[in-house]
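Peer 1: Residue numbers (the working numbering): 12 to 232. For each residue, glycine too, the CB sits at the ideal point set by N, CA and C. Since the model is a prediction, treat every value here as computed from it, not as a measurement.
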């Protein structure tokens, strides 16, 4: 049994290790994406790579601090790595590549199955799977009602986002689905005020969805 001091040291090492691992894996992921998905272009500029690595590292460290050494931590580390890349691409290209979205969904399904097998949390995994279906269906309906209001990439991203929100809980799924639109609307208003209507460009919705998911995972569970 660890003493309080040893426990604090272990937690610190876990957080630092997760943060450094995330920062290291980020440029590796970018290189693989550039190689396997050449239509997205080459690796981004150095400043973008540094910013993405920093974001990934901070997200991994935050998840490690919040979840600790648990069977669900690998799923959220995976979310931090792939989610950061999706956000970067969406900001740069207004595009959410299908392969990356599918990787996030499939990887999340498999990694969230681990807590169900080791901790007998099968109900949480089932709720996660239902969350993916529910949020995907909700976004698809919105897309059919207002084709110009939301992109198909966002509809597809709703599946893995709903997966993680559903795993966290039904309340998290509800608020996560709504707050993504609220945050994106606030960012859009800010961009319009800073750049003006003539110079403002379309604000991607994907980063808001992922940002709200991360915030809910860190502050409501």
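Consult DSSP for residue 213 and reduce its assignment to one of helix, strand or coil.
Peer 2: Here the question's residue 213 lines up with position 202 in the chain shown. Three-state DSSP puts residue 213 in coil, outside helix and strand.
Peer 1: I need the DSSP call for residue 251, collapsed to helix, strand or coil.
Peer 2: No information on residue 251 is available, as it lies outside the stretch 12 to 232 that the chain covers here.
Peer 1: Per the contact definition of three or more C-beta pairs closer than 8 Å, is the region 61–81 in contact with the region 90–99?
Peer 2: A contact exists between the region 90–99 and the region 61–81.
Peer 1: Are the CB atoms of residue 144 and residue 191 nearer to each other than 8 Å?
Peer 2: What you label residue 144 is simply residue 133 of the chain shown in a count that begins at 1. What you label residue 191 is simply residue 180 of the chain shown in a count that begins at 1. Contact flag unset, no.
Peer 1: Alpha carbon to alpha carbon, how far is residue 221 from residue 30? Give it in angstroms, no decimals.
Peer 2: Counted from its first residue, the chain shown places residue 30 at position 19. Counted from its first residue, the chain shown places residue 221 at position 210. Distance between the alpha carbons of residue 30 and residue 221 is about 18 Å.
Peer 1: Among the residues of its own chain, which have a CB less than 8 Å from the CB of residue 85, if the five just before and after it don't count?
Peer 2: Stepping through the chain shown from its first residue, residue 85 is reached at position 74. Correct list, in chain order: 122 and 125.
Peer 1: Starting from residue 77, trace the alpha helix (DSSP H) both ways and give me its first and last residue.
Peer 2: What you label residue 77 is simply residue 66 of the chain shown in a count that begins at 1. From DSSP, the alpha helix (DSSP H) with residue 77 extends over 57–78.
Peer 1: Are the beta-carbon atoms belonging to residue 176 and residue 146 less than 8 Å from one another?
Peer 2: Position 165 of the chain shown, counting from 1, holds the residue named residue 176. Position 135 of the chain shown, counting from 1, holds the residue named residue 146. In contact: residue 176 and residue 146 (Cβ atoms closer than 8 Å).
Peer 1: Give the secondary structure of residue 160 by DSSP, where H, G and I count as helix, E and B as strand, and everything else as coil.
Peer 2: Your numbering for residue 160 matches position 149 in the chain shown. Three-state result, residue 160: coil.
Peer 1: Using only alpha-carbon positions, find the residue among 100, 128 and 193 that is nearest to residue 41.
Peer 2: If you number the chain shown from 1, residue 41 lands on position 30. Nearest C-alpha to residue 41: 100.
Peer 1: What first and last residue would you give for the alpha helix (DSSP H) that runs through residue 129?
Peer 2: The residue given as residue 129 occupies position 118 in the chain shown. Here the alpha helix (DSSP H) through residue 129 covers 109–129.
Peer 1: Given this structure, state the Cα-to-Cα distance separating residue 45 from residue 55, to the nearest angstrom.
Peer 2: Residue mapping note: residue 45 aligns to position 34 of the chain shown, counting from 1. Residue mapping note: residue 55 aligns to position 44 of the chain shown, counting from 1. Roughly 9 Å separates the two Cα atoms.
Peer 1: So what does DSSP say about residue 95, is it helix, strand or coil?
Peer 2: Residue 95 sits at position 84 when you count from the first residue of the chain shown. The answer is helix: DSSP assigns residue 95 an H, G or I state.
Peer 1: Please report how far the alpha carbon of residue 195 lies from the alpha carbon of residue 25, in whole angstroms.
Peer 2: By 1-based counting over the chain shown, the position of residue 195 is 184. By 1-based counting over the chain shown, the position of residue 25 is 14. Whole-angstrom Cα-Cα distance: 33 Å.
Peer 1: With burial defined as no fewer than 16 other Cβ atoms inside 10 Å of the residue's Cβ, what is the status of residue 159: buried or exposed?
Peer 2: For this step, residue 159 is matched to residue 148 along the chain shown. So residue 159 counts as exposed.
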